[in-house]
Amino acid sequence: MRKMFNALLLVLIGFMSAQAYAQKVIKLAPKESRSLTNHYAWTLNATCNIQGSESKGKIRVSILSNKGKINGQHLSQGQARSLTVKNNDNISVSAEPGTKVHLINLGKTPVQAICSA
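Quick note on numbering: the sequence shown equals residues -22 to -1, 1 to 95 in mature numbering (1 follows the signal peptide of the UniProt record, and there is no 0).
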């Protein structure tokens, strides 16, 4: 019984660790838009590293439902912000359960964000 408990504990720690180091890559071509939703029952907090070939780009973030934060700035449903980003910038994001976000790359070159929770 103890071996089974230890094995279960090890599996649970593995699942929690995998979630902690999970990465999501979001790629946006010029003028491309994409919607993302937090389907989890908890608030997601992540840091996104921006990668692009332009010295400066612009991304528009709109909250379609619920609320979240971008670089500490609170946004609620219906609010939007344009972010000027450059290669290797880090952006902190937070999305409450059920939050739906719409992203648009307003720049002329592709941009990608590598986000780690």
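All residues carry an ideal CB built from backbone N, CA and C; glycine is no exception.
Residue closest to residue i, alpha-carbon to alpha-carbon, out of the options
i, options, result
"N44", "I4, H52 and K64", "H52"
"A(-1)", "N23, Q90, T87 and L42", "N23"
"I41", "I82, Q90, K2 and V89", "I82"
"N27", "V71, W20 and G46", "V71"
Cβ neighbour criterion (16 or more within 10 Å) applied to residue i
i, result
"N49", "exposed"
"A95", "exposed"
"T77", "buried"
"G56", "exposed"
Whether residue i touches residue j by CB criterion (7 Å)
i, j, result
"T62", "K36", "yes"
"K86", "K64", "no"
"L6", "R38", "no"
Contact belief for residue i with residue j at Cβ below 8 Å, rounded distance in angstroms
i, j, result
"I69", "Q29", "Rounded, the Cβ-Cβ distance is 12 Å, inconsistent with contact."
"S13", "V79", "7 Å"
"P75", "Y18", "6 Å"
"A58", "T21", "Actually they do not touch by this definition, with Cβ atoms about 20 Å apart."
Chain C within 7 Å of residue i, Cβ atoms only
i, result
"S54", "Looking for chain C here will not work: only one protein chain is present."
Identify every run of the beta strand (DSSP E) within the stretch 24 to 64, keeping only runs that are complete inside it and at least 3 residues long; order them along the chain. Complete beta strand (DSSP E) runs here, min 3: 35 to 43, 45 to 48, 51 to 54 and 58 to 63.
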